[in-house]
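Let me begin by presenting the structure, written as structure tokens, before commenting on it.
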Amino acid sequence: MRARLSDIAQQAQVSEATVSRVLNDRPGVAGDTRQAVLTALDVLGYERPARLRKRSAGLVGLIVPELNNPIFPAFAQEIESSLSQTGYTPVLCTQTPGGVTEDEYVEMLLDRQVSGIVFVSGLHADTTADLERYRRLTTRPLPIVLINGYTADVDAPFISCDDRDAAELAVAHLVALGHRRIGFISGPDRFTPVRRKLEGYRAAMTRLTGTPGPDLDPLISLSLLFGVEGGDAATTRLLDAGVTAIISGSDLMALGAVRAGRRRGLSVPGDLSVVGFDDSPLTAFTDPPLTTLRQPVAPMAVAAVRALVDEINGHAAPRSEYVFRPELVVRGSTAVARTTLAVTG
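So that you can map any letter, position 121 of the sequence shown is 121 in the UniProt record's numbering, and since no number is skipped, the others follow by simple counting.
Have a look at this one:
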């Protein structure tokens with residue numbers, strides 16, 4: 001046990017005496033320090049004492065649409081970390097095509113008597129979906145928090161990235177580089193985040209390039225899919241319209257845009273500039289490194305967990321939408337437009 005105390009103390013960066021007090025559930029240890037010791041136990045593979053295992057505040061469901069898009073594992077990791085720090089045990093539910101549906105996961109979570117559920121980019125983001133499924137949960141009442149996909153028809157806290165601002169930042173960046181024929185690609189516009197990005201794109205293009213609304217229609221290409229294949233197909237249509245730059249609804253679609261451009265013999269960013277959205281892990285290491293709009297995943301996750309825990313504890317969180325501003329991250333997939341180079345050279 002002595003060796004174990006030593007290992008745990010080193011991992012948690014506390015004294016062995018502090019570790020002993022935590023393991024014996026004695027008072028006089030700050031909450032953050034106690035959590036650091038428990039985390040060290042988990043990291044080192046030691047089983048928590050029975051008296052400490054019973055301290056779990058309960059289960060919380062976390063439903064994400066998929067794990068293929070790196071942004072969703074990023075959300076899951078941050079939310080799980082925040083939940084664990086509050087004493088709750090997360091139950092991750094991942095949807096796959098043809099697999100368990102969101103509604104089926106909800107029923108499974110209810111059977112396990114979860115204390116609340118966090119939905120990330122769920123059916124609430126689909127403007128054609130029936131929202132009664134969420135109203136039934138709030139009237140049980142079961143605390144829920146919904147991320148990315150605001151609707152005023154559900155009485156719950158919402159956490160969102162500012163999609164309008166993201167599109168406007170992307171347009172402003174490309175216009176500053178001399179681009180005027182700027183295309184927009186994304187998934188179906190029945191989803192709230194897509195609609196908001198489109199609104200921001202249209203407003204910024206009209207304001208910064210003077211392009212009338214109807215003239216923007218040929219520069220917009222929506223795909224059935226948000227992934228690489230969808231980005232490839234949507235970009236191929238826009239290259240025929242003579243665009244010199246592409247704004248994408250996701251980083252995966254942006255990679256599809258790069259692939260479509262190269263298949264046409266275009267260099268990125270020499271002939272075609274591409275902007276993504278999310279700043280998913282590894283986008284700094286793609287070829288070329290991707291210019292993108294960083295979604296503030298960690299602050300959004302913390303806000304979602306805080307709102308949910310407040311709800312669980314009987315302190316109603318505001319029913320308004322918490323909106324977080326994205327950050328433009330400029331890397332190697334955008335450059336000065338060819339025409340601008342000719343004028344200034």
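The C-beta atom is built at its ideal place from N, Cα and C for all residues, glycine as well.
**Item:** Cutoff 7 Å; reference PRO49; Cβ partners in own chain excluding five residues on either side
**Value:** Short of 7 Å from the beta carbon of PRO49, and not among the five residues preceding or following it, lie these beta carbons of its own chain, in chain order: LEU23.
**Item:** The alpha helix (DSSP H) enclosing ALA176, as first and last residue numbers
**Value:** Start and end: 163-176.
**Prompt:** What does LEU92 pair with, by DSSP beta-bridge criteria?
**Reply:** By DSSP's assignment, LEU92 forms a beta bridge with LEU62.
**Prompt:** Helix, strand or coil: which one does DSSP assign to LEU293?
**Reply:** In this structure, LEU293 counts as strand in the three-state DSSP scheme.
**Asked** What did DSSP end up calling GLU311 once you bin it into helix, strand or coil?
**Response** Of the three classes helix, strand and coil, the one that applies to GLU311 here is helix, per DSSP.
**Message:** Contact defined as beta carbons within less than 8 Å: I believe GLY99 pairs with ILE144. What is the distance between those atoms, to the nearest angstrom?
**Reply:** So it is not a contact: roughly 22 Å between Cβ atoms.
**Item:** Residues near VAL106 by beta carbon distance below 8 Å, same chain, minus five either side
**Value:** GLY61, ILE63, ILE117, ARG133, LEU137.
**Asked** Going by the beta-carbon positions, is the gap between VAL91 and LEU109 smaller than 8 Å?
**Response** A distance below 8 Å separates the beta carbons of VAL91 and LEU109.
**Asked** Roughly how many angstroms separate the alpha carbons of residue 362 and ALA125, rounded to a whole number?
**Response** Any question about residue 362 goes unanswered here, given that the chain covers just 1 to 345.
**Message:** Cutting at 6 Å between CB atoms, please list the residues of its own chain near GLU78, excluding the five before and the five after it.
**Reply:** Here the set comprises VAL297, ALA298, ALA301.
**Prompt:** alpha helix (DSSP H) containing GLY231: first to last residue?
**Reply:** Unbroken alpha helix (DSSP H) run through GLY231: 228-239.
**Message:** Using the Cβ count rule (16 or more neighbours within 10 Å means buried), how would you classify PHE72?
**Reply:** PHE72 should be labelled buried.
**Message:** Going by the DSSP bridge assignment, what does LEU328 pair with across the sheet?
**Reply:** DSSP lists LEU293 as the beta-bridge partner residues of LEU328.
**Request:** Compute the Euclidean distance between the alpha carbons of THR344 and VAL228, then round it to the nearest angstrom.
**Result:** Confidence at THR344 is low in this model, with a pLDDT of 36, below 50, so its placement is unreliable and no value can be given for it.
**Prompt:** If you pair each beta-carbon of the stretch 145-158 with each one of the stretch 189-202, do three or more pairs fall below 8 Å?
**Reply:** Here the stretch 145-158 lies against the stretch 189-202, with 3 or more beta-carbon pairs under 8 Å apart.
**Prompt:** I think ARG331 touches PRO289, with their Cβ atoms under 8 Å apart; what is that distance to the nearest whole Å?
**Reply:** ARG331 to PRO289, Cβ: 4 Å. Contact.
**Prompt:** Expressed to the nearest angstrom, what Euclidean distance is found between the alpha-carbon atoms of GLU47 and PRO141?
**Reply:** The straight-line gap from Cα to Cα measures roughly 34 Å.
**Asked** I think PRO188 touches LEU238, with their Cβ atoms under 8 Å apart; what is that distance to the nearest whole Å?
**Response** About 17 Å; that fails the 8 Å criterion.
**Asked** Straight-line CA distance for GLY242 to GLU321?
**Response** Going from the Cα of GLY242 to the Cα of GLU321 covers about 38 Å.
**Message:** Just to confirm my understanding: we take ALA40, look at its own chain, exclude 5 residues before and 5 after, and list those with CB closer than 7 Å. What are they?
**Reply:** Closer than 7 Å at the Cβ level, and outside the excluded window around ALA40, lie ILE8, GLN11, ALA12.
**Prompt:** Does DSSP put GLU321 in a helix, in a strand, or in coil?
**Reply:** In this structure, GLU321 counts as strand in the three-state DSSP scheme.
**Request:** Assign GLY210 to buried or exposed, taking buried as 16 or more other Cβ atoms, counted over all protein chains shown, within 10 Å of its Cβ.
**Result:** GLY210 comes out exposed.
**Message:** Using DSSP's beta-bridge definition, name the partner residues of LEU146.
**Reply:** LEU146 is bridged by DSSP to PHE119, PHE158.
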